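Residue numbers (my numbering): 36 to 430. All residues carry an ideal CB built from backbone N, CA and C; glycine is no exception. Since this is a predicted model, take the numbers as computed values, not measurements.
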Amino acid sequence: MSATAPITQDVMTIKRVLPDGPTNIVGLTRDAMHDALIAAGTPEKQAKMRVNQIWQWIYHWGVRDFAEMTNLSKGFRAKLADTFVIALPEVVTREVSKDGTRKYLVRIAGGHEVEVVYIPETDRGTLCISSQVGCTLTCSFCHTGTQKLVRNLTAGEIIGQVMLARDDLDGWPEKGISTADQAPRLLSNVVLMGMGEPLYNFENVRDAMKIAMDGEGIALSRRRITLSTSGVVPEIARTAQEIGCQLAVSFHATTDEVRDTLVPINKRWNIEALLNVLREYPKVSNSERITFEYVMLKDVNDSDEDARRLVKLIDGIPAKINLIPFNEWPGAPYTRSDKARIEAFAEIVYRAGYASPIRRPRGEDIMAACGQLKSATERERKSRKQIEAETGTGR
Ligand code: SAH
Ligand code: SF4
36 MSATAPITQD VMTIKRVLPD GPTNIVGLTR DAMHDALIAA GTPEKQAKMR
86 VNQIWQWIYH WGVRDFAEMT NLSKGFRAKL ADTFVIALPE VVTREVSKDG
136 TRKYLVRIAG GHEVEVVYIP ETDRGTLCIS SQVGCTLTCS FCHTGTQKLV
186 RNLTAGEIIG QVMLARDDLD GWPEKGISTA DQAPRLLSNV VLMGMGEPLY
236 NFENVRDAMK IAMDGEGIAL SRRRITLSTS GVVPEIARTA QEIGCQLAVS
286 FHATTDEVRD TLVPINKRWN IEALLNVLRE YPKVSNSERI TFEYVMLKDV
336 NDSDEDARRL VKLIDGIPAK INLIPFNEWP GAPYTRSDKA RIEAFAEIVY
386 RAGYASPIRR PRGEDIMAAC GQLKSATERE RKSRKQIEAE TGTGR
């Protein structure tokens, strides 16, 4: 956690919010909750213990009502209920794919919507969460990139996605049962691979992930959290120091010329600058390896030469290469590489000593694949509108 800046910022927010109405307690860091409790009249000496108690109720037991926090006095519970709310984003729709993938459309303050996807696998259950509504970047193969940034999500809205999925999936621990005897967690991993560039919303993403990793609450190991970035170089070093989670990088090209067009942030920080900071990441964050994401675009970045250049570039970096068959969307300027081409590319990378899994699209029937988020929902709305216009139904 960095020194004092974020705490000051949080206190300022609280001061501004308190006179007008309750503050959402979900998303406050421990320090911010501590300060908020004191601002609300909790004696300083008790504040740390109260934070511990409230923290466990909210993040370990999943309690949503201060009245249920039975180890706090009735008076204090009432005071909390006057001052704070325990609020999560609202689930608008929930779709379940044939393969078990679940997609939630959730609404956040201001009526904006983001999507959250749960992907069950045999050995894990991964939740893909969003960090922004839209994105400031304009990667040419990504549908989110065609949607302007509307706003950053707050830390509460980011951790709230994990909590609402836990509500839907495995519930929260059952009281009176030892940790060892609890049912296995269906939600075991989190990836920041939904909408938005997490490193352009650094503080909120960091605070939310600190909450997710806190051992007294949701308690996900930092090895089970992966942050995906398009390559915001200065923030990558900070991620290693202040979050320490696993890192995935949207690499996608092996020359600056091609990467400039696919991932335009490359014009600001090119491949060399990116690789330099990536070399340091595993040491600083004490993580095993970096995931290089590589979207397979027919005749753009998928040649044998690209594969050979890729392994040369990343030489010396502990890495895994995740090959993502391009997920097409209406109006996309690319097509997906052929299966045989993807396999030949994977083979070259594999022979050079790197794991090179080809990402299997999941939840295709509910349009839950990478880069399709939100677009599907928008498209659905559009077609509904079109139908209404054609048939004269609707209002
Ligand atoms: N902004 C971050 C994280 C969100 S995107 C980033 O760019 O890394 C998550 C992953 O999906 C990224 O690797 C992104 O490049 C990839 N992606 C985006 N659109 C895609 C598409 N249409 N098909 C396949 N992968 C896509
Ligand atoms: Fe934004 Fe990531 Fe999409 Fe690029 S790939 S436009 S950084 S969400």
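The count of Cβ pairs closer than 8 Å, one atom from the region 364-374 and one from the region 314-334, reaches three, so the stretches are in contact.
Excluding the 5 residues flanking it on each side, Val131 has same chain C-beta neighbours closer than 7 Å at Arg137, in chain order. Residue environment for Asp70: buried (at least 16 other C-beta atoms within 10 angstroms of its C-beta). Not one heavy atom of ligand 1 sits closer than 7 Å to the Cβ of Asn224. Residues Val312 of the same chain have their beta carbon placed closer than 6 Å to that of Ile271, with the five preceding and five following residues left out of the count. Counting the other CB atoms within 10 Å of its CB gives Met84 a total below 16, which places it among the exposed residues. Between Thr326 and Ala288, the CB-CB gap reaches or exceeds 8 Å. In this structure, the straight-line span from the alpha carbon of Ile246 to that of Ala375 is close to 43 Å. For Gly206, the shortest C-beta to heavy atom distance toward ligand 2 is 7 Å or greater. Around the beta carbon of Pro219, fewer than 16 other beta carbons sit within 10 angstroms, so the residue counts as exposed.
With contact defined as three or more Cβ pairs closer than 8 Å, the region 257-269 and the region 193-200 are not in contact. Nearest to Arg386 by alpha-carbon distance, out of Asp339, Glu363, Met198 and Ile359, is Asp339. The Cβ neighbour count for Ala390, taken over all protein chains shown within 10 Å, is under 16; the residue is labelled exposed. Distances from the CA of Cys177 to each of Gly145, Met230 and Val127 were compared; the closest alpha carbon is that of Met230. Distance between Leu184 and Pro233, taken at the CA atoms: about 12 Å. For the pair Thr173 and Pro360, the CB atoms are not nearer than the 8 Å cut-off. Bridge partners of Asn59 according to DSSP: Val120.
Leaving aside the five residues that flank Asn59 on each side, the residues in its chain whose CB is nearer than 6 Å to its CB run, in chain order, Val120, Ala122 and Gly191.
Closest by C-alpha distance to Asn187, out of Gly252, Arg159, Val168 and Thr128, is Val168.
Straight-line spacing of the CA atoms in Asp341 and Val127 works out to 42 Å. Going by DSSP, Thr326 is part of the beta strand (DSSP E) stretching over Ile325 to Met331. In terms of Cα proximity to Ser223, the closest of Ser213, Tyr235, Gly206 and Ile401 is Gly206.
Every alpha helix (DSSP H) stretch that sits fully inside the region 281-322 and reaches 4 residues is listed by chain position as 291-297 and 306-320. Beta-bridge partners assigned by DSSP to Pro360: Met331.
Between the region 136-154 and the region 391-398, the count of C-beta pairs closer than 8 Å reaches three or more; the two stretches touch. Val240 places its beta carbon 8 Å or farther from that of Ser285. Within the same chain, and ignoring the five residues on either side of Leu255 in sequence, the residues whose Cβ sits closer than 7 Å to its Cβ are Val225, Ala247 and Met248. For Ala218, the secondary structure class from DSSP, reduced to helix, strand or coil, is coil.
Per DSSP, reduced to three states, the secondary structure at Gly110 is helical. Asn336 sits away from Gly279, with the two beta carbons spaced by 8 Å or more. Counting along the chain, the unbroken alpha helix (DSSP H) around His69 starts and ends at Arg65 to Ala74.
Counting only residues of its own chain and dropping the five nearest sequence neighbours on each side, Asp295 has a CB closer than 6 Å to the CB of Asn301 and Lys302. Annotation: the continuous alpha helix (DSSP H) that includes Arg376 extends over Lys374 to Arg386. For His95, the secondary structure class from DSSP, reduced to helix, strand or coil, is helix.
Within its own chain, the residues whose Cβ lies closer than 8 Å to the Cβ of Asp117, once the five positions on either side in sequence are excluded, are Pro57, listed in chain order.
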